[in-house]
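Visitor: My structure is below; once you've seen it, I'll send some questions.
Protein chains: 2
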Amino acid sequence: MRSPHAVIEAATPVPEGAASVENHPTAATTPGARTRSQLQRRKRIVQAAAALASRGGVEAMQMRTVAERAGVALGTLYRYFPSKMDLVVAVVGEEIDLLESSIQRRPPSAPTASGRAVDVLMRATRGLMREPELADALLRSLIMTEVETPFGDRMARLLLRVAGEGLTVELATEDQLTLANSLASVWVHELLEMLRGLRTYEQIQQRLEIVSARLLMDF
Amino acid sequence: MRSPHAVIEAATPVPEGAASVENHPTAATTPGARTRSQLQRRKRIVQAAAALASRGGVEAMQMRTVAERAGVALGTLYRYFPSKMDLVVAVVGEEIDLLESSIQRRPPSAPTASGRAVDVLMRATRGLMREPELADALLRSLIMTEVETPFGDRMARLLLRVAGEGLTVELATEDQLTLANSLASVWVHELLEMLRGLRTYEQIQQRLEIVSARLLMDF
DNA sequence: CCGCAAAGTAGAACACGCTCTAATCTCTGT
DNA sequence: ACAGAGATTAGAGCGTGTTCTACTTTGCGG
């Protein structure tokens, strides 16, 4: 039932490990752990990609350019990231890691669950908007992608975590997950609107407060 | 032209805005109405595009093919729609027209505002899913596009209209608009998940009910 | 009817994601 | 130490969105 083109698949000479974005020579979680040099190569690629994307957006992040800049051949780039989208997803992954560790360092302190959630979202917003080109590129690409992306889910879990302080996500009900997920998708939508120049920070915050207050009412 | 799908059809020659800088024959908010033959040409193009997209998705809707099928030169096609995205937006516009008139013919009858909203959204969902390829294509494209698209807004207004029955949209508060808008964006998100094979109708309905109940609580 | 600007046409050409090939380099196991 | 497997490379090549060029047709004011 899925769309005709399975992004990952055509080129997977690797005896694949579990799913996830990374079943290629990619990093961790893969049983067939790869060599150090491969990990470094991968990192160099992602960095080059991020650097290019951060000024000029996806357009500037051309596969040939990324390859050149990372000092690998085009073929190798495609070996690590079978499509541009996979590369984008990887870049986004790093961004989220960043956000998560920032949250951990300095957790939101608002008194209500809703308030804490908005806090986190606004922090993420500001983080992303530091590189609007990149943010735009990444968001759009993510939404577009057929690649399985844990994005929404990761965000929802993060929200749940800060909403019910200390609440381990495992204890969350199905409904709670749904609500957190929805809040995340509203946020993404607002981000996109912002990137289109249709929202200011204040507006986003205001709108998120309205929505969050209702969605996370009884957390 | 055999058109196996009446995807678009009764379409009123309503102007829909694909805001663009230039003054293409694109009937954007058509004040400077064009000649009949131009309108027809435009319509033929959109129809050809819709027909192609409805089986095979955007991929099948190649500009060369659309042009050929509409019986115009590629240059002409680009004259009417400066980018593929603009064409997609036009096709989506027709779809929404269709939905709106369907709502008018048979308005939702649930007792609560939230129920009526879910009703409308599920009806739209089923409508879209009749042509999953097309839906997928259109949704993704819409989210991607830089082209100003009245999509979310139109949907929000539609929701407001059915939520507060008879409530003229003009009377809606800012907050209400925000909430309706958010509901629409959650819906879009769910649609995308469905297209990825991660949701069934039942799940979507269920989730929308949960979210809608909160967002439209006091309508 | 004329002239001319706008609209349309056919098709070449370009850009960029992606694929493929053939050769070389780098591990790893014995 | 060496053979074989796999990784890497340079670069050509393809498909499709988009642009460009050179030409023809259309419609309209005088």
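Going down the list, the protein sequences come from chains A and B. Just so you know, we're using my numbering here: the first sequence kicks off at 103 and counts up by one. Just so you know, we're using my numbering here: the second sequence kicks off at 103 and counts up by one. Every residue gets a Cβ at the ideal spot worked out from N, C-alpha and C, and that includes glycine.
Am I right that residue 280(B) and residue 313(A) are in contact with their C-beta atoms under 8 angstroms? What's the rounded C-beta distance?
Guide: Going by Cβ atoms, the distance from residue 280(B) to residue 313(A) rounds to 7 angstroms, so yes, they are a contact pair.
Visitor: Indicate the three-state DSSP secondary structure (helix, strand or coil) for residue 174(A) in the structure shown.
Guide: The answer is coil: DSSP assigns residue 174(A) none of H, G, I, E or B.
Visitor: At a CB-CB cut-off below 8 angstroms, which residues of chain B make contact with residue 277(A)?
Guide: Neighbours of residue 277(A) on chain B, chain order: 312.
Visitor: Report the rounded CA-to-CA distance for residue 302(B) versus residue 221(B), giving the unit in angstroms.
Guide: Answer to the nearest angstrom: the Cα atoms are 16 angstroms apart.
Visitor: Quick check: residue 282(B) and residue 310(B), are their CB atoms within less than 8 angstroms of each other?
Guide: No, the Cβ-Cβ distance between residue 282(B) and residue 310(B) is not below 8 angstroms.
Visitor: Nearest to residue 204(A) by CA position, among 229(A), 234(A), 172(A), is which residue?
Guide: Among 229(A), 234(A), 172(A), the Cα nearest to that of residue 204(A) is on 229(A).
Visitor: Short of 9 angstroms Cβ to Cβ, which residues in the stretch 174-194 of chain A face chain B?
Guide: Within the stretch 174-194 of chain A, no residue qualifies.
Visitor: Could you give the DSSP three-state label for residue 253(A): helix, strand or coil?
Guide: It is helical.
Visitor: Give me the subset of the stretch 215-233 of chain A whose CB atoms are less than 9 angstroms from a CB atom of chain B, sorted by chain position.
Guide: Taking 9 angstroms as the Cβ-Cβ cut-off against chain B, none of the residues of the stretch 215-233 of chain A qualify.
Visitor: Straight-line CA distance for residue 154(A) to residue 208(A)?
Guide: Approximately 30 angstroms, taken between the alpha carbons.
Visitor: Would you tell me roughly how many angstroms separate the C-alpha atoms of residue 192(A) and residue 194(B), rounded to the nearest one?
Guide: The alpha-carbon atoms of residue 192(A) and residue 194(B) are separated by roughly 31 angstroms.
Visitor: Less than 8 angstroms between CB atoms is the rule here; does residue 211(B) satisfy it with respect to chain A?
Guide: Not closer than 8 angstroms to any Cβ of chain A, the Cβ of residue 211(B) fails to qualify, so no.
Visitor: Rounded to a whole number of angstroms, what is the C-alpha to C-alpha distance between residue 305(B) and residue 172(B)?
Guide: Cα to Cα, the separation comes out at about 39 angstroms.
Visitor: What is the DSSP secondary structure of residue 274(B), reduced to helix, strand or coil?
Guide: Correct three-state label for residue 274(B): coil.
Visitor: Look at residue 299(B) and residue 239(B) and say whether their C-beta atoms are less than 8 angstroms apart.
Guide: Not a contact, by the Cβ cut-off of 8 angstroms.
Visitor: Report, in whole angstroms, the separation of the C-beta atoms of residue 287(B) and residue 266(B), which I expect to be a contact under 8 angstroms.
Guide: No, residue 287(B) and residue 266(B) are not in contact; Cβ-Cβ is about 20 angstroms, not under 8 angstroms.
Visitor: Please return the same chain residues whose Cβ sits closer than 8 angstroms to the Cβ of residue 212(A), not counting the five positions on each side in sequence.
Guide: Correct list, in chain order: 218, 220, 221.
Visitor: Can residue 148(B) and residue 196(B) be called in contact, C-beta distance under 8 angstroms?
Guide: Yes, the Cβ-Cβ distance between residue 148(B) and residue 196(B) is below 8 angstroms.
Visitor: Tell whether a beta-carbon distance below 8 angstroms holds between residue 316(A) and residue 316(B).
Guide: In contact: residue 316(A) and residue 316(B) (Cβ atoms closer than 8 angstroms).
Visitor: Where does residue 125(A) fall in DSSP's three states?
Guide: Residue placement at residue 125(A) is flagged as unreliable, the pLDDT there being 45, under the threshold of 50; the coordinate-derived value follows with that caveat. Residue 125(A): coil per DSSP, three-state reduction.
Visitor: In three-state DSSP terms, what is residue 204(B)?
Guide: If DSSP states are grouped into helix, strand and coil, residue 204(B) belongs with the helices.
Visitor: Using a Cβ cut-off of 8 angstroms (strictly closer), state whether residue 273(B) contacts chain A.
Guide: It does not: the Cβ of residue 273(B) has no partner Cβ on chain A nearer than 8 angstroms.
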